[in-house]
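Working notes, beginning with the structure itself.
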Amino acid sequence: MLGFLTNRILTAIPVIILITVAVFSVMHLLPGDPTLAILGDEATPQSRAVLRERMGLNRPVHVQYLSWLGGLVTGDLGRSLVDNTPVKRAVSFAFPVTLQIALVSLIISITIGVPLGILSAVRRGGFVDAVSSIFALSAISVPAFWAGILLMYFAALQLGWFPSSGFVRFNEDPWRSLHHSILPAIALALRPIGIFMRMTRGSMLEIINSDFVRTARAKGASETTVNLRHALRNALIPLFTLIGLEFSGLMGGVVVIDTLFAIPGFGRLIYSAFLRSDFVMMQSLMVLFSLVVIVVNLLTDISYSLIDPRIRYS
Amino acid sequence: MTWSRAVKQFFRRPLAVLGFFIVVSVLLVAIFAPHLAPYDPKKPDFMAILQAPSSQYLLGTDEVGRDLLSRLIFGARASIQAGLLAVLIAVGIGVPIGLLSGYVGGWLDRVVLMRLADAMIAFPTIVLALAMAAALGGNLTTAMLAIGIGSAPAFIRLARAQALSLREQEFVEAARALGNSSSKVMLKHVLPNMLGPLLVQTSIAVAAAILAETALSFLGLGVQPPTPSWGSTLRIGTGYMQSVRWLSLYPGLSIFVTVLGVGLLGDGLRDVLDPRDRG
Chain A
0 MLGFLTNRIL
10 TAIPVIILIT
20 VAVFSVMHLL
30 PGDPTLAILG
40 DEATPQSRAV
50 LRERMGLNRP
60 VHVQYLSWLG
70 GLVTGDLGRS
80 LVDNTPVKRA
90 VSFAFPVTLQ
100 IALVSLIISI
110 TIGVPLGILS
120 AVRRGGFVDA
130 VSSIFALSAI
140 SVPAFWAGIL
150 LMYFAALQLG
160 WFPSSGFVRF
170 NEDPWRSLHH
180 SILPAIALAL
190 RPIGIFMRMT
200 RGSMLEIINS
210 DFVRTARAKG
220 ASETTVNLRH
230 ALRNALIPLF
240 TLIGLEFSGL
250 MGGVVVIDTL
260 FAIPGFGRLI
270 YSAFLRSDFV
280 MMQSLMVLFS
290 LVVIVVNLLT
300 DISYSLIDPR
310 IRYS
Chain B
0 MTWSRAVKQF
10 FRRPLAVLGF
20 FIVVSVLLVA
30 IFAPHLAPYD
40 PKKPDFMAIL
50 QAPSSQYLLG
60 TDEVGRDLLS
70 RLIFGARASI
80 QAGLLAVLIA
90 VGIGVPIGLL
100 SGYVGGWLDR
110 VVLMRLADAM
120 IAFPTIVLAL
130 AMAAALGGNL
140 TTAMLAIGIG
150 SAPAFIRLAR
160 AQALSLREQE
170 FVEAARALGN
180 SSSKVMLKHV
190 LPNMLGPLLV
200 QTSIAVAAAI
210 LAETALSFLG
220 LGVQPPTPSW
230 GSTLRIGTGY
240 MQSVRWLSLY
250 PGLSIFVTVL
260 GVGLLGDGLR
270 DVLDPRDRG
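Heads up: the protein sequence lines correspond to chains A and B, in order. Residue numbers for the first sequence follow numbering that gives the first Met the number 0, beginning at 0 and rising by one. Residue numbers for the second sequence follow numbering that gives the first Met the number 0, beginning at 0 and rising by one.
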């Protein structure tokens, strides 16, 4: 187990370094001069030169990269080019918001997707199976932002069940905070609902027909016991990898959903950094975005290996 | 299974045929857009701003009086183009890397190529597109490039897994024993035998690429005005959500039906070509 863990963590390190190199190179391909972006077009050459020096843009590229990397490692994410606030502070405000919405979204998608998949598999070929299969494919095909628009229109503006936009922090008012996160979370959950449903159905079908389930049935176990105790437990194993993979999509989805619902999360932070050409902010945020995805994948891999010992030895 | 039998089986599935029909229709609409659109999709008409759907404007007009139906017809072009070209890029990057990684294996596989794939997976496509738009400017080409790179890891993994299992099969071993070079074995024996699963993955990727393009255009990073696209029309529609429903309803519906069609087509392909997931 320890070997598996260290191996898994060690392979993540070169991946993270590769990402920082990629992000740094892309951001340094930027055409404009960052000092122009900060000081405006009327800046004098002198003031721009002073700023270049202060920002360290006159140093060789590899020195700039290493000092940025050193900052990342020690938790210094740099300062916004636009308002000079530390990126770290902006992140500490936005991250809990996004984490909350992503978690609510995952909970919704698992509680709907997995039971639907089980039901479909158990009633294979029947009416329930047909309806939930079509529902799953539709859920995958709906653009999250359009689902968000429809939810906003019907559930918020017409029926008034939920607030249509904005956010309340969890530590200020937990109930209202959850209330605000429901609609964005549903919009983001649709795709994972469909994916989880299809995956659960597929692996349940495979397992229902396997020898050990047939044995359990032959021993006289009730249909429910067979399905839930023997089949489901094994069918859920692949779900863990899928959660990790879907998380990347979820992190991309928050960029659109934050913008649509005016949520002060990670997505809006990076999108507004883009709009204001705040490349220091963007650079650090991009690394954080991929770091979140990597950490979640690491966690799902680890929990996967705890449940299924075969993984550790392969 | 032979390809002709697969085709016959495919057309025996009603949902797959429906998907095929939707995809062909959207393709035809995109190709013949200039002949089908009743109005010029880019020409504003300030006498006809935000007109409700009527016999004159079947789906109504937008905030500068352009016919929505015509804009949706032309908008199909951006989505189809992005869907196909982005996936072509993804296949072009992913299949060679995956094939090489799986067939050659060893150090190249575990230390270099798979870590590259891991790094690519860690970037959400939209975030990648933001970065590329910042560096290269926001337009359809940048968006397609970003979506292509974002969709490549799935092809890397698939081609690698296929190559790994095909490598051990007898006919590949036989080809190797006959003294064929590695590159010849890969291209002539391994690659042709993974076309089925690759085709299935391609349809999944096209659906995702269309969704990604509309999301990017919605954010203003894809197709630039005044060129019509479904995503950017929805962006405008959001601003008028309360009073002007058609502006946010029909573009979304166009995306949904198109992606659903590709999905149905893909499920049909999977059922006949990929025995693993047959349910």
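Where is the CB? At the ideal position from N, CA and C, for every residue including glycine.
Helix, strand or coil at residue i according to DSSP, with G and I counted as helix
{"i": "residue 47 of chain A", "result": "helix"}
{"i": "residue 234 of chain A", "result": "helix"}
{"i": "residue 60 of chain B", "result": "strand"}
{"i": "residue 244 of chain B", "result": "coil"}
{"i": "residue 78 of chain A", "result": "strand"}
{"i": "residue 266 of chain B", "result": "helix"}
{"i": "residue 300 of chain A", "result": "helix"}
{"i": "residue 277 of chain A", "result": "coil"}
{"i": "residue 108 of chain B", "result": "helix"}
{"i": "residue 85 of chain A", "result": "strand"}
{"i": "residue 117 of chain B", "result": "helix"}
{"i": "residue 277 of chain B", "result": "Because the pLDDT at residue 277 of chain B is just 43, under 50, the model does not fix this residue reliably, and the point stays unresolved."}
{"i": "residue 365 of chain B", "result": "There is no way to answer for residue 365 of chain B, as the model of chain B reaches only from 0 to 278."}
{"i": "residue 66 of chain B", "result": "strand"}
{"i": "residue 41 of chain A", "result": "coil"}
{"i": "residue 55 of chain B", "result": "coil"}
{"i": "residue 223 of chain B", "result": "coil"}
{"i": "residue 66 of chain A", "result": "helix"}
{"i": "residue 257 of chain A", "result": "helix"}
{"i": "residue 228 of chain B", "result": "coil"}
{"i": "residue 7 of chain A", "result": "helix"}
{"i": "residue 28 of chain A", "result": "coil"}
{"i": "residue 36 of chain B", "result": "coil"}
{"i": "residue 31 of chain B", "result": "coil"}
{"i": "residue 260 of chain B", "result": "helix"}
{"i": "residue 263 of chain A", "result": "coil"}
{"i": "residue 53 of chain A", "result": "helix"}
{"i": "residue 11 of chain B", "result": "coil"}
{"i": "residue 137 of chain B", "result": "coil"}
{"i": "residue 102 of chain B", "result": "helix"}
Chain A residues whose Cβ lies nearer than 7 Å to that of residue i
{"i": "residue 232 of chain B", "result": "What residue 232 of chain B touches in chain A: nothing, since even the nearest Cβ is about 11 Å away."}
{"i": "residue 117 of chain B", "result": "14"}
{"i": "residue 80 of chain B", "result": "Within chain A, no residue comes near residue 80 of chain B; the closest Cβ sits about 17 Å away, beyond 7 Å."}
{"i": "residue 213 of chain B", "result": "142"}
{"i": "residue 210 of chain B", "result": "142"}
Cross-chain neighbours of residue i in chain A, by beta carbon under 9 Å
{"i": "residue 241 of chain B", "result": "152 and 156"}
{"i": "residue 194 of chain B", "result": "The premise fails here: residue 194 of chain B is roughly 22 Å from chain A at the closest Cβ pair, so nothing lies under 9 Å."}
Outcome for residue i when other beta-carbon atoms lying within 10 angstroms are tallied against a minimum of 16
{"i": "residue 2 of chain B", "result": "exposed"}
{"i": "residue 222 of chain A", "result": "exposed"}
{"i": "residue 147 of chain B", "result": "buried"}
{"i": "residue 296 of chain A", "result": "buried"}
{"i": "residue 172 of chain A", "result": "exposed"}
{"i": "residue 78 of chain A", "result": "buried"}
{"i": "residue 143 of chain B", "result": "buried"}
{"i": "residue 250 of chain A", "result": "buried"}
{"i": "residue 85 of chain A", "result": "exposed"}
{"i": "residue 224 of chain A", "result": "exposed"}
{"i": "residue 117 of chain B", "result": "buried"}
{"i": "residue 161 of chain B", "result": "buried"}
{"i": "residue 282 of chain A", "result": "buried"}
{"i": "residue 124 of chain A", "result": "exposed"}
{"i": "residue 167 of chain B", "result": "exposed"}
Proximal chain B residues relative to residue i, where beta-carbon distance stays under 7 Å
{"i": "residue 64 of chain A", "result": "None at all; the shortest Cβ gap to chain B is about 16 Å."}
{"i": "residue 28 of chain A", "result": "134"}
{"i": "residue 327 of chain A", "result": "This structure leaves residue 327 of chain A out entirely; chain A is present only between 0 and 313."}
Cross-chain neighbours of residue i in chain B, by beta carbon under 9 Å
{"i": "residue 285 of chain A", "result": "122, 126, 127, 129 and 130"}
{"i": "residue 104 of chain A", "result": "The contacting residues do not exist; residue 104 of chain A stays about 14 Å from chain B at best."}
{"i": "residue 84 of chain A", "result": "Ordered by position in chain B, no residue passes the 9 Å Cβ test against residue 84 of chain A, which lies about 20 Å from the chain."}
{"i": "residue 206 of chain A", "result": "The contacting residues do not exist; residue 206 of chain A stays about 12 Å from chain B at best."}
Contacts that residue i makes with chain B (C-beta to C-beta distance below 8 Å)
{"i": "residue 270 of chain A", "result": "129 and 218"}
{"i": "residue 108 of chain A", "result": "None at all; the shortest Cβ gap to chain B is about 17 Å."}
{"i": "residue 35 of chain A", "result": "The contacting residues do not exist; residue 35 of chain A stays about 15 Å from chain B at best."}
Contacts of residue i in chain A (Cβ-Cβ under 8 Å)
{"i": "residue 206 of chain B", "result": "139 and 140"}
{"i": "residue 114 of chain B", "result": "10, 13, 14 and 17"}
Any non-hydrogen atom of the ligand ZN closer than 8 Å to residue i Cβ
{"i": "residue 67 of chain A", "result": "Questions concerning the ligand ZN fall outside what the structure shown contains, since it holds no ligand whatsoever."}
Contained alpha helix (DSSP H) runs [length at least 4] in the region 87–144 of chain A, N- to C-terminal order: Runs found: 126–140.
Residue ranges of each alpha helix (DSSP H) within the region 147–234 of chain A, 4 or longer: Segments of the alpha helix (DSSP H) lying fully in the region 147–234 of chain A: 173–207 and 210–217.
In chain order, what residues of the region 9–22 of chain B put their CB closer than 7 Å to some CB of chain A? The region 9–22 of chain B vs chain A, Cβ under 7 Å: nothing.
Quick one: which unbroken alpha helix (DSSP H) runs of 4-plus residues sit fully inside the region 139–187 of chain B? Chain order, please. You should have 139–166, 169–176 and 181–184.
What are the residues in the region 242–264 of chain B lying within 9 Å of chain A by C-beta distance? Against chain A - using a Cβ distance shorter than 9 Å - the residues of the region 242–264 of chain B are 244, 247, 248, 250, 251, 252, 254, 255, 256, 257, 258, 259, 260, 261, 262 and 263.
Which residues of the region 292–305 of chain A have a Cβ closer than 7 Å to any Cβ of chain B? Give them in chain order. Only those residues of the region 292–305 of chain A whose C-beta falls short of 7 Å from the nearest C-beta of chain B are listed: 292 and 293.
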